[in-house]
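Peer 1: Structure provided below as structure tokens; questions to follow.
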Amino acid sequence: MAEEKSGAAILVESLVKQGVEYVFGYPGGAVLPIYDELFSDKRIRHILVRHEAGAAHAAEGYARSTGKPGVVLVTSGPGATNAVTGIADAFLDSIPLVVITGQVATNLIGSDAFQEADTVGITRHCTKHNYLVRDPADLAATIDEAFQIATTGRPGPVVIDIPKNVQVATASWQDGEIQRKIRYSPQTAGSVEDIAEAVELIANARQPIFYTGGGIINSGPLATELLRHFQSLTGAPVTSTLMGLGAFPHDHADWLGMLGMHGTYEANLAMNQCDVMVCIGARFDDRVTGRLDAFSPGSTKIHIDIDRSSINKVVPVDLGIVGDCATVLEQLIAVWGKRKAADLSEWKARIEGWRARQSLAYPAESKSGDIMPQYAIERLFALTREHDPVITTEVGQHQMWAAQYFGFDKPNKWLTSGGLGTMGYGLPAAIGAQLGNPDTLVIDIAGEASIQMNIQELGTASQFRLPVKVFILNNEYMGMVRQWQELTYESRYSNSYSDSLPDFVRLAEAYGWKGIRIEDQSQLDDGIREMIAYDGPVIVDCRVAKEANCFPMIPSGAAHTEMLLYGDEVAGTMEDEAKALV
Amino acid sequence: MKIQHSASERHVLTIIVDNEAGILAKIAGLFTARGYNIDSLTVADITENHAVSRITIVTNGPPAVIDQIHAQLERLVPVHKVIDLSEEGPHIERELALIKVAGKGDNRVEALRLADVFRAKVVDTTTQSFIFELTGTPDKIDSFVTLMRELGLVEVGRTGVVGMMRGPNGS
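Taken in sequence, the protein lines are chains A and B.
Going by this note's numbering, 244 is the number at position 232 of the first sequence; the sequence numbering is gapless.
Going by this note's numbering, 177 is the number at position 171 of the second sequence; the sequence numbering is gapless.
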């Protein structure tokens, strides 16, 4: 039965229909009609953030940890522009978001009205798709399509800009199936010939490697299972990008660790020396490939990706298969059938040789006697692993240490800003993850600089009684910036010292959190245990060695074979060509 | 350090899109955002209900970039189909130009004579000027404009290329 409803009411009904539990948002003039609808609605819980960037990152954390789309609601103008960083972050990391932005009334668009911004224009190149809805009659179908676009194919953010008069005006609303034209239907299965060719290549490889990425996580838990199964059939060693951690168990004998700029020696050397590379749901990011002309020169490359534009974008491959990771892995397993794995013992012996370099080794003691940050992460992992935690991070050295020294063996447990590298991601992402996983231990591994970028979200966790933990590796530097300045600019520490830091313990207490300070290695385990045991949000200010750097490292513009390990000479300068690379 | 540029080839792309608000900005913006080139761009709706538009873009770039342009365009939700005419095979390219030439005496006679050779139509005339309408390949229009330069060329307007595959089949 059709009934007349306001645009705002249609929006709320449509979100309920999509199964939305939480909306992360912040009210304002241009979304007041929607907020009024939410006021009495018990079906959707609105999570009031403290800044719109926090809303977008919280929605990302929710999405990444649950596999469901995250929903954001912000007002026009500054509300929308503040959310843009989170939208761009979700775009680069392929996180499904539906972002509802208020807009000035249609008759005011273009008049530089109060809090007017061209949201559709601004978000055009950082969304998978965006809409300006000019008629409430189009809302239901638009929202339905937005969720389909955000969650299928390569996931990503979709913005729906809704002018205020469209929220107030009415249209007919009908329960039941939405009638709309299906115009988005990504290819999910590889062609039979390509699958056969891939299996042939993998079966004949003597030095194969699986190079996996965030696409496996995005594809869903089935892809993780199938990856593990296909690996057991082929025996191929596995490495992963930052975004793909958790798809393959960290304690598996064939696990090489993360690859790329701060990846392990064995992962990068195996990438360089392999004869067949199977890239599954990764995209040859510059942080992964190092110098392109020296990237895995002798290998036959197979690239499985749901986004056809990822194939041959950076590295030309021999066989590109457009499809969903799980579907293609299933196809590969079916065609593999009862084949026996090739004898890879020689290859694995070489890998063991590289592994013996112990590229993740670091000095047991720092010059100052402070805790080594790597050790802090190792202890954090050891003491929390039985809780099967969700880990989020900010961006910088602590992020890389978390990736290197925290072990992951399940998908959706590792939430980090990989593509955009957004400082300030971790705390709101942890809030979103905690809402999606209420009984799980959620820890934001942070740096003292990054955490200040969205520190206001401490209030959100307090308000919604979310027991998130923030574990700050405090070295009083923007450590990754300082590390690059050591490497590239002869240690001229231009603006990388974290001056005038707050007292994080008292800051925590001011927000109703618990604050713990760890200054000495002897306090480390007890401090972590106290953090875990506390039933509520906790900030741990863990003071660590200021001079510690993140190794191994492929310097900017270098090849996989030119890795620096801990203790290698690092101070110096670089050629302009290398300086120009990001 | 110097910025390097690599050799490029010319391609004509036909893009079939939903005729929705902002689609042209989306496509033109994609070229800007990813650093691709646009030599010419034409757009008009091609269905009775104005629901679908056909965009023709002439672009240039190294083969890998052309492949990326193709893939990136296909990734846009309102894009139904991208046809790289230069890749697909024999095709027709046509462009329309309006060319205003002013002059008297021999130049005026010569301009009219050359227009005849090029099968350009006179669509406006005064005692001291002509506007020629010329349809043809971009090359043909280039040659005509070059000739007119010596004979009193005043201004040129060009539509950019539209293209279509030869033969009985639709693209």
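In this text, a Cβ means the ideal position worked out from N, Cα and C, and glycines have one as well.
If distances are taken between C-alpha atoms only, which option among A:V170, A:K140, A:D287, A:L257 comes closest to L213 (chain A)?
Peer 2: A:D287
Peer 1: Could you tell me which of A:V171, A:D156, A:T182 sits nearest to Y196 (chain A), measuring between CA atoms?
Peer 2: For the residues A:V171, A:D156, A:T182, the minimum Cα distance to Y196 (chain A) belongs to A:D156.
Peer 1: Quick check on H606 (chain A): does DSSP put it in helix, strand or coil?
Peer 2: No answer is possible for residue 606 (chain A): the residues shown for chain A start at 13 and end at 594.
Peer 1: Could you tell me whether the Cβ of Q74 (chain B) comes closer than 8 Å to any Cβ of chain A?
Peer 2: True, the Cβ-Cβ gap to chain A drops below 8 Å.
Peer 1: For the alpha helix (DSSP H) holding D298 (chain A), just list the boundary residues, first then last.
Peer 2: 298 to 301
Peer 1: Mapping DSSP to helix, strand and coil, what is T12 (chain A)?
Peer 2: Beyond the ends of chain A as shown, which are 13 and 594, falls residue 12 (chain A); an answer cannot be given.
Peer 1: Using 8 Å as the limit for Cβ to Cβ distance, is R114 (chain B) near chain A?
Peer 2: So, not an interface residue.
Peer 1: For G67 (chain B), which beta-bridge partners are listed by DSSP?
Peer 2: B:E15
Peer 1: Starting from the N-terminal side, write out each stretch of the alpha helix (DSSP H) that is 4 residues or longer and does not extend beyond the region 363 to 427 of chain A.
Peer 2: 385 to 396, 409 to 417
Peer 1: Which residue wins for smallest C-alpha separation from P108 (chain A), given the options A:K140, A:G133, A:T93, A:G256?
Peer 2: A:K140
Peer 1: Leaving out five residues before and five after S380 (chain A) in sequence, what residues of the same chain have Cβ atoms less than 8 Å from its Cβ?
Peer 2: Excluding its 5 nearest sequence neighbours in each direction, S380 (chain A) has C-beta neighbours in its own chain below 8 Å: A557, K558, E559, listed in chain order.
Peer 1: In the DSSP assignment, what are the bridge partners of W185 (chain A)?
Peer 2: A:E15
Peer 1: Give me the Cβ distance between I551 (chain A) and A520 (chain A), rounded to the nearest whole Å; I'm assuming they're in contact under 8 Å.
Peer 2: With a Cβ gap of about 4 Å, I551 (chain A) and A520 (chain A) count as contacting.
Peer 1: Does any residue of chain A have a CB that is nearer than 8 Å to the CB of Q10 (chain B)?
Peer 2: no
Peer 1: Can you tell which of A:G408, A:A21, A:H69, A:H63 has the C-alpha that lies nearest to the C-alpha of F103 (chain A)?
Peer 2: A:H69
Peer 1: What does the Cβ neighbour count give for T163 (chain A), buried or exposed, with the cut at 16 atoms within 10 Å?
Peer 2: buried
Peer 1: Under 7 Å, CB to CB, which of the residues in the region 78 to 112 of chain B have a partner in chain A?
Peer 2: Q78, E80, R81, V83
Peer 1: For G35 (chain B), return the contacting residues in chain A, with the cut-off set at a CB-CB distance below 8 Å.
Peer 2: R136, H137
Peer 1: Is the shortest distance between the beta-carbon of G28 (chain B) and the beta-carbons of chain A less than 8 Å?
Peer 2: Taking CB atoms only, G28 (chain B) has a neighbour in chain A less than 8 Å away.
Peer 1: Measuring only the C-alpha atoms, how far is V84 (chain A) from R391 (chain A)?
Peer 2: 36 Å
Peer 1: So which residues of chain A does A121 (chain B) contact, with C-beta pairs closer than 9 Å?
Peer 2: Near A121 (chain B) there are no residues of chain A at all, since even the closest Cβ is about 44 Å away, more than 9 Å.
Peer 1: With respect to the alpha helix (DSSP H) encompassing L213 (chain A), which residues constitute its N-terminal and C-terminal limits?
Peer 2: Looking at the DSSP string, the run of the alpha helix (DSSP H) that includes L213 (chain A) is 204 to 216.
Peer 1: For the beta strand (DSSP E) that contains H58 (chain A), what are its first and last residues?
Peer 2: That run of the beta strand (DSSP E) goes 57 to 60.
Peer 1: Do the region 420 to 428 of chain A and the region 258 to 266 of chain A make contact, defined as three or more Cβ pairs closer than 8 Å?
Peer 2: In short, these stretches touch, since the Cβ pair count reaches three.
Peer 1: How is H76 (chain B) classed by DSSP in three states: helix, strand or coil?
Peer 2: Collapsing the DSSP output to three states places H76 (chain B) in a helix.
Peer 1: Along the beta strand (DSSP E) that carries S92 (chain B), what are the first and last residues, could you check?
Peer 2: Unbroken run through S92 (chain B) is the alpha helix (DSSP H), 91 to 94; no beta strand (DSSP E).
Peer 1: Measuring alpha carbon to alpha carbon, tell me which residue in A:G548, A:A208, A:N280 is nearest P309 (chain A).
Peer 2: Comparing alpha-carbon positions, the option among A:G548, A:A208, A:N280 lying closest to P309 (chain A) turns out to be A:N280.
Peer 1: For K32 (chain B), return the contacting residues in chain A, with the cut-off set at a CB-CB distance below 8 Å.
Peer 2: Near K32 (chain B) (Cβ distances below 8 Å), the residues of chain A are R136.
Peer 1: Would you mind listing the alpha helix (DSSP H) stretches within the region 518 to 583 of chain A that are 4+ residues and don't spill past its ends, in chain order?
Peer 2: 533 to 545
Peer 1: Buried or exposed: M7 (chain B), going by 16 or more other Cβ atoms within 10 Å of its Cβ?
Peer 2: exposed
Peer 1: Are the beta-carbon atoms of S88 (chain A) and T135 (chain A) separated by less than 8 Å?
Peer 2: no
Peer 1: To which residues of the same chain is A100 (chain A) closer than 6 Å at the C-beta, ignoring the five residues directly before and after it?
Peer 2: So the qualifying residues of the chain are C138, L432.
Peer 1: Along the chain, where does the alpha helix (DSSP H) that runs through P233 (chain A) open and close?
Peer 2: 233 to 246
Peer 1: Examine the ligand SAH and report whether any of its heavy atoms sits within less than 7 Å of the Cβ of H69 (chain A).
Peer 2: Absence of the ligand SAH from the depicted structure is noted, as is the absence of any ligand whatsoever, leaving it without description.
Peer 1: Roughly how many angstroms separate the alpha carbons of E26 (chain B) and R240 (chain A), rounded to a whole number?
Peer 2: Taking the straight line from one Cα to the other gives about 44 Å.
Peer 1: Kindly indicate if chain A contains any beta-carbon less than 8 Å away from that of M170 (chain B).
Peer 2: no
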